[in-house]
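Dropping the structure here:
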């Protein structure tokens, strides 16, 4: 679980073509696939994965992965950790952004693949 600090100083590219989940490819080779997440900007909720493809009276439906990509583009990770109580991953970025990757169920809702090939799953403590 201590491997999450390996995200420090990396940047991330979000695969904007995905509709059923979010794939995050970090510049250091780590990959996170997640179903549920929330982005906080300047201390306020900005967007969550549940907003994907919702229109909310806007001119077009929201592509949450595209918005996430735009917000995190060129932002470096300051710190990342796994909350062992909830199974959530929290990633702090420069630019006053926090990405919370949420574990809402006891099943696999996120997966992390590290550069050495090892993996962590959201149901690690079941």
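In the working numbering, the protein residues as written are 830 to 955. Glycine is no exception: its CB is placed at the ideal position from the N, C-alpha and C atoms.
* To do: Please report how far the alpha carbon of residue 862 lies from the alpha carbon of residue 846, in whole angstroms.
  => 13 Å
* Pairwise C-alpha distance: residue 879 and residue 916 -> 19 Å
* Contacts around residue 860, its chain only, beta-carbon distance under 8 Å, and the 5 residues preceding and following it disregarded -> 852, 853, 854, 941, 942
* Taking only the alpha-carbon atoms, compute the straight-line gap between residue 944 and residue 857 and give it to the nearest angstrom. => 8 Å
* To do: Using beta-carbon positions only, say whether residue 891 and residue 882 come within less than 8 Å of one another.
  => yes
* Alpha carbon of residue 936 to alpha carbon of residue 869, nearest angstrom -> 25 Å
* Asked: residue 832: which of 908, 850, 844, 877 sits nearest, CA to CA?
  -> 908
* Which of helix, strand or coil does DSSP assign to residue 855? -> Annotated three-state conformation of residue 855 is strand, per DSSP.
* To do: Using only alpha-carbon positions, find the residue among 949, 929, 934, 924 that is nearest to residue 877.
  => 929
* Asked: Residues bridged to residue 863 by DSSP?
  -> Answer by DSSP bridge pairing, in chain order: 851, 939.
* Asked: Where do the N-terminal and C-terminal ends of the alpha helix (DSSP H) with residue 874 fall, by residue?
  -> Note, residue 874: premise wrong, no alpha helix (DSSP H); beta strand (DSSP E) at 873-877.
* Asked: For residue 908, which of helix, strand or coil comes out of DSSP?
  -> strand
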